[in-house]
Amino acid sequence: MALAAASMSTGSTGPGRDQPFLAADVGGTHARIGLVVGSTAGRRPVSVLHYHRYGCADWSSLTAMLQDFVGQLEHTPHAAMRGQLRHCAVACAGYVLDDAIINENLPWPVSIRDIRDGLGIQRLAVINDFEAVAYATQFIDTGETRPVIEATAPAAPGPVLVMGPGTGLGSAVLLPGQPRAQVLATEAGQISLAPGNEREIEILRLFRRDRPHVSFEDALSGPGLLKLYRALCELRGGPARLLTPAEITGAALAASEVAAVEALHVFCGLLGSFVGDLVLLYGARGGVYLAGGILPRIQPFLLASSFAERYFNKGVMRAYLQQVPVRLIEHGQLGVIGAAGWFLDERQGE
Numbered sequence: 001m002a003l004a005a006a007s008m009s010t011g012s013t014g015p016g017r018d019q020p021f022l023a024a025d026v027g028g029t030h031a032r033i034g035l036v037v038g039s040t041a042g043r044r045p046v047s048v049l050h051y052h053r054y055g056c057a058d059w060s061s062l063t064a065m066l067q068d069f070v071g072q073l074e075h076t077p078h079a080a081m082r083g084q085l086r087h088c089a090v091a092c093a094g095y096v097l098d099d100a101i102i103n104e105n106l107p108w109p110v111s112i113r114d115i116r117d118g119l120g121i122q123r124l125a126v127i128n129d130f131e132a133v134a135y136a137t138q139f140i141d142t143g144e145t146r147p148v149i150e151a152t153a154p155a156a157p158g159p160v161l162v163m164g165p166g167t168g169l170g171s172a173v174l175l176p177g178q179p180r181a182q183v184l185a186t187e188a189g190q191i192s193l194a195p196g197n198e199r200e201i202e203i204l205r206l207f208r209r210d211r212p213h214v215s216f217e218d219a220l221s222g223p224g225l226l227k228l229y230r231a232l233c234e235l236r237g238g239p240a241r242l243l244t245p246a247e248i249t250g251a252a253l254a255a256s257e258v259a260a261v262e263a264l265h266v267f268c269g270l271l272g273s274f275v276g277d278l279v280l281l282y283g284a285r286g287g288v289y290l291a292g293g294i295l296p297r298i299q300p301f302l303l304a305s306s307f308a309e310r311y312f313n314k315g316v317m318r319a320y321l322q323q324v325p326v327r328l329i330e331h332g333q334l335g336v337i338g339a340a341g342w343f344l345d346e347r348q349g350e
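According to UniProt numbering, the sequence shown holds residues 1 to 350 in order.
(1) Considering only DSSP beta bridges, list what L328 is partnered with.
(2) Around the Cβ of N103, are there at least 16 other Cβ atoms within 10 angstroms (buried) or fewer (exposed)?
(3) Provide the residue span of the beta strand (DSSP E) that contains S171, from first to last.
(4) Against chain C, does Q333 count as a neighbour if the rule is that its beta carbon must be under 8 Å from one of theirs?
(5) Which residue's Cα is closest to the Cα of A291: D58, V173 and P157?
(6) Note down, one range per segment and in chain order, each beta strand (DSSP E) of at least 3 residues found wholly within the region 13-53.
(7) Run through DSSP, which three-state label would R178 get?
(8) How is the beta strand (DSSP E) around H87 delimited, first residue to last?
(9) Decide if V288 is buried, meaning its Cβ has at least 16 other Cβ atoms within 10 Å, or exposed.
(10) Please check the pair L328 and P296, which I expect to be a contact at CB under 8 Å, by giving their CB distance rounded to whole angstroms.
(11) Using only the alpha-carbon positions, how far apart do T137 and S171 sit?
(12) At what residues does the beta strand (DSSP E) containing A194 begin and finish?
(13) What residues match up with I127 in a beta bridge as DSSP calls it?
(14) Please state if the CB of Y320 and the CB of L161 are separated by a distance shorter than 8 Å.
(15) Near L73, what residues of its chain come up, given a Cβ to Cβ distance below 7 Å and the 5 sequence neighbours on each side ignored?
(16) Since A185 sits in a beta bridge, which residues does DSSP pair it with?
(17) Please tell me whether residue 365 and S221 are closer than 8 Å, where the distance is taken between their beta carbons.
(18) Excluding the 5 residues preceding and the 5 following C88 in the sequence, name in chain order all residues of the same chain whose CB lies nearer than 6 Å to its CB.
(19) State the beta-bridge partners of V96 as determined by DSSP.
(20) Less than 8 Å between the beta carbons of G28 and N128, yes or no?
(21) Would DSSP call L220 helix, strand or coil?
(22) Buried or exposed for Q299, please, with buried defined as at least 16 other CB atoms from any protein chain shown within 10 angstroms of its CB.
(23) Using the C-alpha atoms, what's the distance from V183 back to A339?
(24) Can you give me the Cβ contacts of residue 375 inside the same chain, cut-off strictly under 8 Å, excluding the 5 residues immediately before and after it?
(25) Is L161 helix, strand or coil by DSSP?
(26) Name the DSSP beta bridge partners of G55, please?
(27) Would you please state the rounded distance, in angstroms, between the beta carbons of Q333 and V48? I believe it to be under 8 Å.
(28) Nearest CA to the CA of V326: which residue from Q67, T142 and A91?
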């Protein structure tokens with residue numbers, strides 16, 4: 001779910017390049033928080049001074065996690081910076097409504113006022129999570145990525161698609177430009193699921209029993225993988241013994257359960273088809289970065305799947321797609337770096 005970039009403040013301006021601030025990347029499963037400061041050295045706009053990843057389900061709120069992170073600084077070389085923190089940039093799926101960030105995949109509500117009051121900060125800026133990751137792809141090298149599909153020629157200048165399944169299905173497009181790039185947050189995950197073969201038609205028919213609209217996110221996400229597995233167990237006439245997406249991917253990678261293997265194959269095939277559609281939709285000649293929490297764990301399976309076949313299966317547009325590379329990136333600190341870099345750029349534009 002896309003979230004329009006927003007900034008909530010008490011009247012202060014943004015941080016100077018040498019002033020530390022907080023940046024957080026909040027997903028349905030994990031939150032990644034960093035202490036950052038603007039940097040002019042190297043390709044990245046910020047230096048990450050301290051970083052920690054949290055399990056969202058282990059905490060009562062985002063405010064509690066941020067407070068814990070600030071408390072950690074007392075035991076680092078950056079302890080003196082605790083009293084200098086006045087700003088925070090948060091990357092999160094969902095949308096801002098009055099004081100709240102609305103996201104059904106989070107285990108708790110997010111109150112902007114609660115964060116500001118709990119941390120004593122003056123300004124909280126909010127950006128979509130995949131918008132932040134897309135923004136950060138400007139600053140990564142090819143060596144930090146893993147190839148999924150190599151292009152027949154170097155990537156042409158143009159829009160870059162960043163998408164990936166996790167708790168949901170995120171997608172954003174980086175639009176190169178001067179003086180700085182822009183990022184288009186999208187709701188592409190809510191596009192109607194399009195089956196590509198008879199088996200997927202059968203699955204769609206089962207999905208449609210309890211809802212009038214079936215989106216790609218209903219299949220291409222952690223919960224979606226579980227739905228695929230349960231649907232395939234029903235079609236096979238057997239029990240659904242596996243209870244979580246992690247169990248399904250584990251069984252598929254170990255080839256220990258046929259339904260799990262088929263579920264992951266369907267998942268990868270649908271993903272290839274969907275990525276190809278988005279490349280054509282956005283004219284993403286600059287390439288594709290696959291992110292999210294699932295794909296790095298299943299890379300060998302993904303490469304051996306029908307992903308590439310389905311990606312190229314676009315009729316007369318096959319030659320076009322052969323010129324667009326697809327690469328896998330580890331989410332890691334990218335959301336934190338992207339949120340922080342976007343925040344600094346927004347401050348410069350004020």
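Glycine included, every Cβ here is placed at the ideal spot set by N, Cα and C.
In short, the structure shows the following:
(1) Counting from one through the sequence shown, the residue named residue 328 turns up at place 328. Answer by DSSP bridge pairing, in chain order: R146 and L290.
(2) Within the sequence shown, the letter at position 103 stands for residue 103. Flag for N103 reads buried.
(3) Along the sequence shown, read from residue 1 onward, the residue named residue 171 stands at position 171. Taken as a continuous stretch (DSSP letters only), the beta strand (DSSP E) holding S171 covers L169 to L175.
(4) The structure shown contains no chain C; it holds only a single protein chain.
(5) As a first step, residue 291 is located in the sequence shown; it is residue number 291 there, counting from the start. Of the listed residues, the one whose Cα sits closest to A291 is V173.
(6) 21-26 and 30-38
(7) Sequence index remark: in the sequence shown, residue 178 carries index 178 (1-based). This sequence places Gln at residue 178; Arg is not what is there. Coil at Q178, not helix or strand.
(8) Numbered from its first residue, the sequence shown carries residue 87 at position 87. Taken as a continuous stretch (DSSP letters only), the beta strand (DSSP E) holding H87 covers H87 to C92.
(9) The residue you call residue 288 lines up with position 288 of the sequence shown. It is buried - the Cβ of V288 has at least 16 other Cβ atoms within 10 Å.
(10) For this step, residue 328 is matched to residue 328 along the sequence shown. For this step, residue 296 is matched to residue 296 along the sequence shown. That belief holds up - the Cβ atoms of L328 and P296 are roughly 6 Å apart, short of 8 Å.
(11) Sequence index remark: in the sequence shown, residue 137 carries index 137 (1-based). Sequence index remark: in the sequence shown, residue 171 carries index 171 (1-based). Cα-Cα distance, rounded: 13 Å.
(12) Position 194 of the sequence shown holds residue 194. Unbroken run through A194: none, as it is neither H nor E.
(13) Here residue 127 refers to the residue found at position 127 of the sequence shown. In DSSP, I127 forms a bridge with A91.
(14) Residue numbering aside, residue 161 sits at position 161 when the sequence shown is read from its first letter. Residue numbering aside, residue 320 sits at position 320 when the sequence shown is read from its first letter. No; because the gap between Cβ atoms is not below 8 Å, this pair is not in contact.
(15) Translated into the one-based positions of the sequence shown, residue 73 becomes position 73. Counting only Cβ-Cβ distances below 7 Å, and skipping sequence neighbours, we find L35, H50, A79, M81 and R82.
(16) Within the sequence shown, numbered from 1, the residue matching residue 185 stands at position 185. A185 pairs with A172.
(17) This structure cannot settle anything about residue 365, because the visible part of the chain is limited to 1 through 350.
(18) Counting from one through the sequence shown, the residue named residue 88 turns up at place 88. The residues are L22, I121 and L124.
(19) In the sequence shown, counting from the first residue as 1, residue 96 sits at position 96. DSSP lists I101 as partners of V96.
(20) Locating residue 28 in the sequence shown gives position 28, where the first residue counts as 1. Locating residue 128 in the sequence shown gives position 128, where the first residue counts as 1. Cβ distance not < 8 Å, so G28 and N128 don't count as in contact.
(21) One-based indexing of the sequence shown puts residue 220 at position 220. Note: L220 maps to coil in three-state DSSP.
(22) To locate residue 299, count along the sequence shown from 1; it is residue 299. Under this definition Q299 is an exposed residue.
(23) Mapped onto the sequence shown, residue 339 falls at position 339. Mapped onto the sequence shown, residue 183 falls at position 183. Cα to Cα, the separation comes out at about 12 Å.
(24) Since the displayed the chain opens at 1 and closes at 350, residue 375 lies outside it and no answer follows.
(25) Against the sequence shown, residue 161 aligns to sequence position 161. Strand at L161.
(26) As a first step, residue 55 is located in the sequence shown; it is residue number 55 there, counting from the start. Answer by DSSP bridge pairing, in chain order: H30.
(27) By one-based count along the sequence shown, residue 333 stands at place 333. By one-based count along the sequence shown, residue 48 stands at place 48. Q333 to V48, Cβ: 6 Å. Contact.
(28) As a position in the sequence shown, residue 326 is number 326, starting the count at 1. Nearest of Q67, T142 and A91 to V326, Cα basis: T142.
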